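In this text, residue positions in the sequence shown follow my numbering: the first is 90, and each later residue adds one.
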Amino acid sequence: MKRFHVHVAVPDLNDSIRFYSTMFGSEPTVVKPDYAKWMLDDPRVNFAISQRSSPSGINHLGLQVDSDDELEVLHARLRSAEAKVAEEKNVSCCYARSDKYWVTDPAGVAWESFHNLGSVEIYGNNDAKEEGGCCGPSR
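Right, dumping it as structure tokens:
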């Protein structure tokens, strides 16, 4: 089953956690010094915020899947859309280890298709703090 994913860059993590916790009616499932995530079932969304990139606003959108087979189905769809697809296997990003595919839509919006393999203690492969961090398609 798929879960919609939204990652928003925020200027103040604590203010944003208070706002989104009130809006969603629940506290985040993950909180780090620079990152928070809600795994909601109504609506079914993986909603993440971070202070890692600028400017503030939508960092990327995506679809999270529960299995490698579902991820490969999404990969095939992206290839058939004739989009340039960037593959990342067993990478650390946003405190999780994942297999993923990145694509940029015709409007320039980054989309991530991914299957989480587990959690990790760092934000990214190099715990990078540069603009965009690990959460974006390879350029």
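The beta-carbon is built from N, C-alpha and C at its ideal position, and this holds for glycine as well. In this text, all values refer to a predicted model and were calculated from it rather than measured experimentally.
Worksheet entry | At least 3 beta-carbon pairs within less than 8 Å: the segment 148-163 vs the segment 198-205 | yes
Item to complete: Please go through the segment 166-222 and give each complete beta strand (DSSP E) segment of 3 or more residues, from N-terminal end onward.
Response: 175-182, 185-193, 199-208
Item to complete: Return helix, strand or coil for Met112, following the three-state DSSP convention.
Response: Met112 sits in a helix when the DSSP states are folded into three classes.
Worksheet item: Taking the C-alpha atoms as reference points, what is the distance between Thr118 and Ile147?
Response: 20 Å
Discussion item. With a threshold of 8 Å on Cβ separation, who are the neighbours of Asp157 within its own chain once the five nearest residues in sequence on each side are excluded?
Written reply: Asp188, His204
Worksheet item: According to DSSP, is Asp157 helix, strand or coil?
Response: helix
Worksheet item: Would the beta-carbon of Tyr190 fall within 7 Å of that of Val209?
Response: no
Fill in: Beta-carbon spacing of Trp127, Phe108 below 7 Å
no
Worksheet entry | Val192 classed as buried or exposed, judged by whether at least 16 other C-beta atoms fall within 10 angstroms | Under this definition Val192 is a buried residue.
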